[in-house]
Amino acid sequence: MKFLKNNPMEDFKERLKAKAKEIGFDLIGFAKAEKLGQEFDNYLSWLASGFNAKMDYLERNKEKRKDISLILENPKTIIVTATNYNTPFFHENNIDHFSGKISRYAWGDDYHDIILAKLNILSSEISNYEPESKSKCYVDTGPILEKAWAVRAGIGWQGKNSLILTKKFGSYVFLGLIVTTIEIESDQIISDYCGKCNACIENCPTGAIVQPKVVDSNKCISYWTIETKGKIDFPDNVANNLKNWVFGCDICQEVCPWNRRKIFTREISYYPRQNQTYLDSKDIDMMDNVYFNLRFKNSPIKRAKLEGIQKTMTYIKKSGLRNPDLTEK
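Residue numbering for the sequence shown follows my numbering, starting at 5 and increasing by one per position.
Structure below.
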């Protein structure tokens, strides 16, 4: 796909970056669309080790994850966006009853719809510039190794907790991707700045980070509190180390030095609903599915379903953990 003579590639790239900032993206990067190599091999090794647990969907469409041209014919560029979701709120310190902490990413509205809408605006910019171009947008939904492309596009580096780390926003970012047939100059890859720090590995209460950048979902609190949806009993290692997390877990992020900066999101939809960062066990016990679905409409928490939240809360109450000593990071 060639660029118009009176509108050079660099000018269009700058226009796209400006538009991304205007509509709420905090970072944007560009990578050449090509087959993945070592990143794909790492993904296969992760699957072969059984670290995806019961998330069978992660085993589907393997070749598409390697070869982006199986998703969109003749792709030239992968555009990656990052959106800061950090807010000036923290988990409650003084709770006089049993409660369950909610992962920071799920305090507000579901990011999938918010980011997809913005990606579609960027995609329209591309179409307006080159009507013959084709693009596809993804937000944690398609057969794409998002973190691999985020690294290649210069958004950040992959931390030892396996998450993408950015210099400005740490790991509190949502990723979005556009695969497009229009050719845009690639950005430089950012160096890995984790150094000798192993805080995330050392502080994971279940030992889920089995080696740098590798998480065993079978041991991960986030997996058990979000993905199992009440169908499977928790293993003892998880049940006895929940630390009051009822939906997700942020421990490996809270201890990360790169998350100490207090730069907060511009997107009010990511702020805690009713300023609440936890779930009250009494409320959960009294809920039925109708009320649960109404209260958590457009919330990531719906993914766990009511039976999943109630089951996790039962484990929390059994563990006897009350009023966890959380401090601002």
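Virtual Cβ for every residue (Gly too), placed ideally from N, Cα, C. Since this is a predicted model, take the numbers as computed values, not measurements.
Quiz prompt | Burial state of A86, where buried means 16 or more other Cβ atoms lie within 10 Å | solution = buried
Exercise. Please classify L48: is it buried, with 16 or more other beta-carbons within 10 angstroms of its beta-carbon, or exposed?
Key: exposed
Quiz item: Just checking my contact of T232 with G312 at CB under 8 Å: how many whole Å lie between their CB atoms?
Solution: The C-beta distance from T232 to G312 rounds to 7 Å, short enough to fall under 8 Å.
Quiz item: Since G33 sits in a beta bridge, which residues does DSSP pair it with?
Solution: V84
Quiz prompt | Boundaries (first-last residue) of the alpha helix (DSSP H) holding I288 | solution = Its alpha helix (DSSP H) spans residues 285 to 290.
Self-check item: Residues near I32 in its chain [Cβ-Cβ closer than 6 Å; skip 5 each side]
Solution: K21, A24, T85
Self-check item: DSSP state of I194 mapped onto helix, strand, coil
Solution: coil
Quiz prompt | Through-space distance from R307 to K58, alpha-carbon basis | solution = Their backbone Cα atoms lie some 15 Å apart in a straight line.
Practice problem: For the beta strand (DSSP E) holding K140, just list the boundary residues, first then last. | Solution: Segment 139 to 142, the beta strand (DSSP E) holding K140.
Quiz item: Where does T316 sit, in a helix, a strand or coil, going by DSSP?
Solution: helix
Quiz item: So what's Y274 in DSSP terms, helix, strand or just coil?
Solution: The answer is helix: DSSP assigns Y274 an H, G or I state.
Quiz item: Q42 lies in the alpha helix (DSSP H); which residues open and close that run?
Solution: 42 to 52
Quiz item: If you follow the beta strand (DSSP E) that I213 is part of, which residue opens it and which one closes it?
Solution: From DSSP, the beta strand (DSSP E) with I213 extends over 213 to 215.
Self-check item: Identity of the residue in T318, K301, T316 nearest D114 by Cα
Solution: K301
Quiz item: Straight-line CA distance for E14 to I188?
Solution: Those two C-alpha atoms are separated by around 8 Å.
Practice problem: Report back the beta-carbon spacing between I213 and V219 to the nearest angstrom; my notes put them in contact at under 8 Å. | Solution: 6 Å
Quiz prompt | Residue environment, N56, which counts as buried when at least 16 other CB atoms sit within 10 Å | solution = It counts as buried.
Practice problem: Mind checking who I180 pairs with in its DSSP beta bridge? | Solution: It should be noted that the sequence gives Gly, not Ile, for residue 180. For G180, the pairing in a beta bridge is given by DSSP as T85.
Quiz item: Can you list, in chain order, the residues of its chain whose CB lies under 7 Å from that of V183, leaving out five sequence neighbours each side?
Solution: A37, I72, I75, L76, P79, I82, S139, K140
Practice problem: Decide yes or no for the touch test of the stretch 147 to 163 against the stretch 189 to 207: beta carbon pairs closer than 8 Å, at least 3 of them. | Solution: yes
Quiz prompt | Run of the alpha helix (DSSP H) containing K68, from where it starts to where it stops | solution = 66 to 70
Quiz item: Are the beta-carbon atoms of I267 and N88 separated by less than 8 Å?
Solution: yes
Quiz item: Would you report the Cα separation of D100 and R69, rounded to the nearest angstrom?
Solution: Confidence is the limiting factor: at D100 the pLDDT is only 44, short of 50, which leaves the residue's position unreliable, though a coordinate-based value still follows. Approximately 47 Å between the Cα atoms of the pair.
Exercise. Would you check if the stretch 111 to 131 and the stretch 269 to 276 touch, i.e. whether three or more CB-CB distances between them fall below 8 Å?
Key: Proximity of the stretch 269 to 276 to the stretch 111 to 131 meets the contact definition, three or more beta-carbon pairs being nearer than 8 Å.
Practice problem: Can you have a look at I236 and say buried or exposed, based on whether 16 or more other CB atoms are within 10 angstroms of its CB? | Solution: When all chains shown are included, I236 counts as exposed.
Quiz item: In terms of residue numbering, what span does the beta strand (DSSP E) encompassing V294 cover?
Solution: Here V294 belongs to no beta strand (DSSP E); instead the alpha helix (DSSP H) covers 293 to 299.
Practice problem: Starting from the Cα of K315, find the closest Cα among R264, R108, P276, A243 and give me that residue. | Solution: A243
Practice problem: Count the other CB atoms, across all protein chains shown, that sit within 10 Å of the CB of D30; report buried if there are 16 or more and exposed otherwise. | Solution: Buried, since its Cβ has 16 or more Cβ neighbours within 10 Å.
Exercise. Can you grab the Cα-Cα spacing for the pair S273 / Q162, in whole Å?
Key: 26 Å
Quiz item: Is H116 helix, strand or coil by DSSP?
Solution: helix
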